[in-house]
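J.:
Numbering (our numbering), first residue to last: 7 to 244.
1. Suppose only complete runs of 3+ residues qualify. What are the beta strand (DSSP E) ranges in the region 172-221, listed by chain order?
2. Using only the alpha-carbon positions, how far apart do residue 138 and residue 124 sit?
3. Roughly how many whole angstroms lie between the Cα atoms of residue 113 and residue 57?
4. Between the C-alpha atoms of residue 106 and residue 132, what's the straight-line distance to the nearest angstrom?
5. Helix, strand or coil for residue 138, going by three-state DSSP, please let me know.
6. By DSSP's criteria, residue 147 is part of a beta bridge. Which residues make up the other side?
7. Quick one: what's got a C-beta closer than 6 Å to residue 52's C-beta in the same chain, skipping five residues either side?
8. Do residue 88 and residue 32 have their C-beta atoms within less than 8 Å of each other?
9. Closest by CA to residue 50, which one among 84, 104, 136 and 80?
10. Among 241, 37 and 223, which has the Cα closest to the Cα of residue 177?
11. Give a yes or no on whether the C-beta atoms belonging to residue 182 and residue 172 are separated by under 8 Å.
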């Protein structure tokens, strides 16, 4: 996975942050963050574009770094993350702006292959998972010995589709989007096991100017009330 950073001069998000620069970071985790040729799109990026729009910022510069730097960047100044899972460990490491969505981590597979529990999944020949992510950490921490870690969602889905791996440990939204993006019928697949709940947030580094964070929180709440966030999510899952 790669982490893309957009650098924007911040002129008008708030009256107190005039002239400040803000880095906007998003790692490859479709459909919430999609990196394509150093460009950033996806649900989180689309929401962030709305948050930025009222600030009058247009010009964007981009650079790509390893996702391993993500939490290190949380210690730096004026950085906003388009998509970040809120965990106990991360609770005090960033400033949380707004929750994009809840989700359920599960075992994505063909609908005729029931997997009802973690123990069922341990008995499979292989379990696909995205390398280096929280889903792989869960499998390792729970004693899975049948892990096949791949670099991205697309590779995991392709191996499911040709029965190279019987299941993929991912989330319900990610699995459905990946099937749709591969021009497959998502109705042929299920997300079984309901392993644990997860979530996706927009967040800011601890040293991000408080006026920037407050302004984005306010705009995010307005988007929630208007239904705009739901419309953006649904646009990726049709």
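We treat Cβ as the ideally placed atom computed from N, Cα and C, and that holds for glycine.
T.: Quick answer:
1. 173-177 and 195-211
2. In the chain shown, residue 138 corresponds to position 132, counting from 1. In the chain shown, residue 124 corresponds to position 118, counting from 1. Each residue's Cα considered, the two are about 20 Å apart.
3. Working through the chain shown from its first residue, we reach residue 113 at position 107. Working through the chain shown from its first residue, we reach residue 57 at position 51. So the alpha carbons of these two residues sit roughly 34 Å apart.
4. Sequence index remark: in the chain shown, residue 106 carries index 100 (1-based). Sequence index remark: in the chain shown, residue 132 carries index 126 (1-based). Rounded to whole angstroms, residue 106 to residue 132 spans 31 Å at the Cα level.
5. In the chain shown, residue 138 corresponds to position 132, counting from 1. Note: residue 138 maps to coil in three-state DSSP.
6. Locating residue 147 in the chain shown gives position 141, counting from the first residue. Paired residue(s): none; residue 147 is not in a bridge.
7. What you label residue 52 is simply residue 46 of the chain shown in a count that begins at 1. Only 238 meet the Cβ criterion.
8. The count along the chain shown starts at 1 and reaches residue 88 at position 82. The count along the chain shown starts at 1 and reaches residue 32 at position 26. Yes, the Cβ-Cβ distance between residue 88 and residue 32 is below 8 Å.
9. The residue labelled residue 50 in the question sits at position 44 within the chain shown. The shortest Cα separation from residue 50 among 84, 104, 136 and 80 belongs to 104.
10. Numbered from its first residue, the chain shown carries residue 177 at position 171. It is 37 whose Cα lies nearest to the Cα of residue 177.
11. Residue numbering aside, residue 182 sits at position 176 when the chain shown is read from its first letter. Residue numbering aside, residue 172 sits at position 166 when the chain shown is read from its first letter. No, they are not a contact pair.
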